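Quick note on the numbering used here: the sequence shown kicks off at 14 and runs consecutively.
Have a look at the structure below, then the notes.
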Amino acid sequence: MVRSIRVKHCVRCSQPAPTLFRVKYEEDGGWVFVCPHCWPQISENNSFYIYGGTWKAEKKKN
Ligand SMILES: [Zn+2]
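Structure, rendered in structure tokens:
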């Protein structure tokens, strides 16, 4: 059996994480995903920072 595990990698540290934040942090940059560890580093004192939501590997069923 093959489980389909959705994995995204942080754009900063290239590590996979179960929860990532969808953000923009460059003036002309696109949407990228960063892990909670790197998030403060790209968001602090960054006027280009835009928060676009939280991505989770495991979605809860309603
Ligand atoms: Zn990271």
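Ideal placement from N, C-alpha and C gives every residue a C-beta, glycine not left out.
Since this is a predicted model, take the numbers as computed values, not measurements.
Check, Outcome
"Within 10 angstroms of the Cβ of Y38, are there 16 or more other Cβ atoms? Answer buried if so, exposed if not.", "buried"
"On the criterion of 16 or more Cβ atoms from any shown chain inside 10 Å, does F34 qualify as buried, or is it exposed?", "buried"
"What are the boundary residues of the beta strand (DSSP E) that includes W68?", "I63 to K69"
"Express the C-alpha separation of T32 and C48 in angstroms, rounding to a whole number.", "7 angstroms"
"Does V31 come out as helix, strand or coil in the three-state DSSP assignment?", "Position check: residue 31 holds Pro in this sequence, whereas Val was assumed. If DSSP states are grouped into helix, strand and coil, P31 belongs with coil."
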